[in-house]
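So for the sequence shown, the numbering used here puts the first residue at 111; every next one is plus one.
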Amino acid sequence: MSRYRPPRPAGTALITPEGEARMRAELHELWHVRRPQVTQSVSEAAAQGDRSENAEYTYGKKMLREIDSRVRFLTKRLESLKVVSEKPSDPNKVYFGAWVTIEDEDAKQSRYRIVGPDELDLKQGLISIDSPLARSLIGKSLDAEVQVQTPTGEQWVYIVAIEYP
Numbered sequence: 111m112s113r114y115r116p117p118r119p120a121g122t123a124l125i126t127p128e129g130e131a132r133m134r135a136e137l138h139e140l141w142h143v144r145r146p147q148v149t150q151s152v153s154e155a156a157a158q159g160d161r162s163e164n165a166e167y168t169y170g171k172k173m174l175r176e177i178d179s180r181v182r183f184l185t186k187r188l189e190s191l192k193v194v195s196e197k198p199s200d201p202n203k204v205y206f207g208a209w210v211t212i213e214d215e216d217a218k219q220s221r222y223r224i225v226g227p228d229e230l231d232l233k234q235g236l237i238s239i240d241s242p243l244a245r246s247l248i249g250k251s252l253d254a255e256v257q258v259q260t261p262t263g264e265q266w267v268y269i270v271a272i273e274y275p
């Protein structure tokens, strides 16, 4: 069996203004802060002599490759993303960027914001627009009962609140 894994689809090319700012800040940090530091340490390690047995040099070169790879990814991804900053015409329906409070069958409430796949962070309540929950909520209105496909089966949730920042 081959070890080849097809590349993961990039997902929906949408992002919130906050998500774009975080990605640009990461790009700036990598390119203007981390890369010069690592380049400096690599040149200092190279000056010590034999590079084949120099762990600092080898590790520094590996770090440079990882930084450059991430910089290339962020640059290409930021070029392809569309920043969605305007609020929808109907604020009583769920669209990209909305904070949605849902209540499940056990009367447990959860609050999520529907964001792009590059911003996904469940600890902060940010779910990807490509997730099954977000796909079922998009376009639904306040007080709607929505069927969500979960790994454990179907589940019904009730939309309690919709807010746009």
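Each residue gets a CB set at the ideal place from its N, CA and C atoms; glycine is no exception.
Give the C-beta separation of residue i and residue j to the nearest angstrom, bearing in mind that I take them to be a contact with Cβ-Cβ under 8 Å.
i, j, result
"Ile125", "Asp231", "Not confirmed; about 13 Å, so no contact."
"Gly170", "Val148", "6 Å"
"Tyr268", "Glu255", "5 Å"
Roughly how many angstroms separate the alpha carbons of residue i and residue j, rounded to a whole number?
i, j, result
"Thr211", "Ser251", "12 Å"
"Gln257", "Glu215", "11 Å"
"Val181", "Asp253", "43 Å"
"Glu166", "Ile177", "16 Å"
"Thr168", "Ser162", "8 Å"
Could you work out which residue in the options is closest to residue i when comparing CA atoms only?
i, options, result
"Leu191", "Pro198, His138, Glu130", "Glu130"
"Ser241", "Gln234, Lys233, Gly249, Thr260", "Thr260"
"Ala123", "Leu243, Gly226, Gln234, Gly235", "Gly226"
Mind checking whether residue i and residue j have CB atoms under 8 Å apart?
i, j, result
"Pro127", "Ser195", "yes"
"Thr185", "Leu140", "no"
"Arg223", "Ala208", "yes"
For residue i, decide whether its Cβ has a neighbour in chain C, counting only Cβ atoms nearer than 8 Å.
i, result
"Tyr274", "No chain C appears in the structure shown, which is made up of a single protein chain."
Specify whether the segment 195-213 and the segment 165-179 touch according to this definition: at least 3 beta carbon pairs, one from each stretch, less than 8 Å apart.
-> The segment 195-213 is not in contact with the segment 165-179.
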